[in-house]
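Structure, as structure tokens:
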Amino acid sequence: MFKVKQLDKLVKAGIITAEQQKQILSFDDSSGGFVMRALNLLGIFTIGVGVISLVASNWEYIGDNLKLIVMFALLFGAAGMAVSNKLKGQDNRAEKWLVVLFLFVGAAIGLVIQIYQLSGNIMHLLFALWWAATLPLLFAAKKKYVAWFWVPLFLVWYAMYAFDYKTFGLEKFLVVYAALYAGGWLLSKYKPDFVVGEVLRRDACFAFYLVLAGYILWLNSLHLTISALILLLTSGVYHYFKDYGKVRLNIKFAGLWVFSLYIYLGGKIGLFSTGIGLIISGVLLIALVKGVVKWSKLIKKEEKKNA
């Protein structure tokens, strides 16, 4: 009902024609409502759980060759269904089959490792094979479904790789995730049809700030200095591109930074061990909260002015 009323307004305003209104409503009816789609997905999920349960209960009685044959049959079946639906113009179904194919590839890699009993610390290798083997699916996909799975897989793989090869360092994580964020931003801006760009930008940004929070809370002078420079630099970049949402996010992280500095210095100079020190600490905390709120309001005013 809400959509009908909105479309009526668009027709009266001359933005769309009555014929276009009918086409939109017809398309919406053919795709089914949210409840029906949810029930459909629930049914598919239930069938999948049932199949997995059935296979798991008889796993030890199934021969290795049969396991491989069934697995590759599922792979080719999912690929065939994706292509078939695409050729029929059923893009939504094709995209869902691409997601199924993505998951089956991961399952196939895990199955091969289990059957041939490949040992050692190879989990990062499994993830690397998975994202590399499914990379072509990103180019075939027209919607974000596959990217929602592929991008987190890639980010997790990098974290595992860094840990396994003793290259762990939060600075390296920050650099890599910042580079991935920039890559996602460029893709979403200049190649908007390549849907992975927007997902990569969002997920890499989340990973970057998650690592940055840990970096700030590490509570040493080097981390506090570097994180301050990062916040200043990124705030300048965001402000230049008028990305005020990210500027406000940086303001909140600046508050976290000041709080970490407060804890760090409080421990160093003994602020928490005397009454006067506690009073000063309380005043500083109140000033911190007011400063963050005031700064956020100034950014919002500037955002409205430039809107």
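For the sequence shown, counting from 1, position 238 maps to 237 in numbering that gives the first Met the number 0; every step adds exactly one. The beta-carbon is built from N, C-alpha and C at its ideal position, and this holds for glycine as well.
Here's a check: name, in chain order, each residue in its chain whose Cβ is nearer than 8 Å to the Cβ of residue i, leaving out the five neighbours to either side.
{"i": "E301", "result": "Y243"}
{"i": "A72", "result": "none"}
{"i": "K299", "result": "Y243 and R247"}
{"i": "I114", "result": "D63, K66 and L67"}
{"i": "L154", "result": "Y176, L179, D202, A203 and A206"}
{"i": "N219", "result": "Y263"}
{"i": "V292", "result": "none"}
{"i": "W130", "result": "W149, L152, F153 and W156"}
Identify the continuous alpha helix (DSSP H) that holds residue i and give its terminal residues.
{"i": "A212", "result": "V195 to I215"}
{"i": "A12", "result": "No alpha helix (DSSP H) holds A12; DSSP gives it neither H nor E."}
{"i": "L128", "result": "M122 to A139"}
{"i": "F71", "result": "D63 to L86"}
{"i": "N91", "result": "D90 to I114"}
{"i": "G183", "result": "L169 to Y189"}
{"i": "F258", "result": "Y243 to I268"}
{"i": "L231", "result": "S220 to Y239"}
Quick one: is residue i buried, meaning 16 or more other Cβ sit within 10 Å of its Cβ, or exposed?
{"i": "N64", "result": "exposed"}
{"i": "L180", "result": "Rather than Leu, the amino acid found at residue 180 in this sequence is Tyr. Label assigned to Y180: buried."}
{"i": "L221", "result": "exposed"}
{"i": "Y208", "result": "buried"}
{"i": "F75", "result": "exposed"}
{"i": "G307", "result": "Absent from the model: residue 307. The displayed extent of the chain is 0 to 306, so no value can be given."}
{"i": "I215", "result": "buried"}
{"i": "Y189", "result": "exposed"}
{"i": "I250", "result": "buried"}
{"i": "A203", "result": "buried"}
{"i": "Y157", "result": "buried"}
{"i": "T233", "result": "buried"}
{"i": "V308", "result": "What is shown of the chain runs 0 to 306, which leaves residue 308 out entirely."}
{"i": "A12", "result": "exposed"}
{"i": "V257", "result": "buried"}
{"i": "V210", "result": "buried"}
{"i": "F162", "result": "exposed"}
{"i": "F240", "result": "exposed"}
My guess is that residue i and residue j are in contact by the Cβ rule of under 8 Å, so how many angstroms apart are they, rounded?
{"i": "W96", "j": "M70", "result": "That belief does not hold up - the Cβ atoms of W96 and M70 are roughly 16 Å apart, past 8 Å."}
{"i": "A140", "j": "A146", "result": "7 Å"}
{"i": "A77", "j": "F103", "result": "5 Å"}
{"i": "E94", "j": "Y144", "result": "5 Å"}
{"i": "R200", "j": "G183", "result": "3 Å"}
{"i": "V98", "j": "F148", "result": "7 Å"}
{"i": "V195", "j": "L137", "result": "5 Å"}
{"i": "G229", "j": "L173", "result": "The question names Gly, but residue 229 in the sequence shown is Ile. Right, their Cβ atoms sit about 7 Å apart."}
Sorted by chain position, which residues of the same chain lie with C-beta nearer than 6 Å to residue i's C-beta, five sequence neighbours on each side aside?
{"i": "D28", "result": "The predicted model places D28 with a pLDDT of 48, which falls under 50 and marks its position as unreliable, so this point remains unresolved."}
{"i": "A177", "result": "F207"}
{"i": "S30", "result": "Residue placement at S30 cannot be trusted, given a pLDDT of 48 that sits under 50; what the coordinates show is reported in the next sentence. Result list for S30: empty, nothing under 6 Å."}
{"i": "L117", "result": "none"}
What residues in its chain sit with their C-beta under 7 Å from that of residue i, if we drop five residues either side in the sequence?
{"i": "L125", "result": "I108, G109 and I112"}
{"i": "V198", "result": "K143, A146, W147 and V150"}
{"i": "G168", "result": "none"}
Within 8 Å of any Cβ in chain D, is that where the Cβ of residue i sits?
{"i": "G274", "result": "Protein chains in the displayed structure number just one, and chain D is not present."}
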